[in-house]
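Residue numbers for the sequence shown follow this note's numbering, beginning at -11 and rising by one. The C-beta atom is built at its ideal place from N, Cα and C for all residues, glycine as well. Input: a single structure, listed below in structure tokens.
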Amino acid sequence: MIKPARDLFDRRQLRLLSLQQRRHGLGIDAVVPLRPVPCRRRDLRDVARRIAAARERGATTVLMMGAHVLRSGLQRYLIDLMEKGYLSCIAMNGAGMIHDFELALVGGTTESVARYISDGQFGLWKETGRLNDIASAAKRRGLGLGEAVGREIARGRYPHRDVSVLAAGARLGVPITVHVGIGYDI
């Protein structure tokens, strides 16, 4: 028989620290300003034409992405595509949700695994832990995780919510689904 986690270790020994104390690998200054970008690749121009044609037909366009899109600072471009009706839905992984949430809240995200895992601090940040509370409340209310986190950011005290893809989805009624994985999302 497998012992319950509470019998394997004493959670009272965990030290939850504030995100304000963490050294972030990515700051709000990494979010790229929205400006025209020339497209020199024929294959990407073809994708753009197909997305535009889908919008004209009223067809659904889904963007599936990992967190590196946000870590690359492309939030304003994604928000612009949603505002203009080019994206009907976004599907992201759990890391994308975490980066979006932290960036909106404190203007920084991305912790060094090597630095914080060695002293047992990796993933133990008070504010990020609020995502668990949001997820629990979402289940009780019958909401998806992306919608619940987006609503929280859009309606709460998040100084950088203007670059939150999740908040923009909630504001615009564009569904954003979050697909959390065990073993790679904290």
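Counting along the chain, residue 87 sits inside no beta strand (DSSP E); it lies in the alpha helix (DSSP H) bounded by residues 82 to 94. Burial state of residue 87 is buried, judged by a 10 Å Cβ sphere holding 16 or more other Cβ atoms.
Straight-line spacing of the CA atoms in residue 83 and residue 28 works out to 31 angstroms.
For residue 48, the closest of 80, 70, 11 by C-alpha to C-alpha distance is 70.
Here residue 4 really is in contact with residue 117; their C-beta atoms are around 6 angstroms apart, less than 8 angstroms. Setting aside the 5 residues that flank it on each side, residue 158 is surrounded in the same chain by 135, 138, 139, 142, each with a C-beta closer than 7 angstroms to its C-beta; the list follows chain order. Residue 52 counts as exposed, since fewer than 16 other beta carbons sit within 10 angstroms of its beta carbon. Following the DSSP letters along the chain, one finds residue 39 in no beta strand (DSSP E) but inside the alpha helix (DSSP H) bounded by residues 30 to 45. Taken atom to atom, the span from the alpha-carbon of residue 80 to that of residue 1 is near 33 angstroms. Here the alpha carbons of residue 56 and residue 33 stand approximately 22 angstroms from one another.
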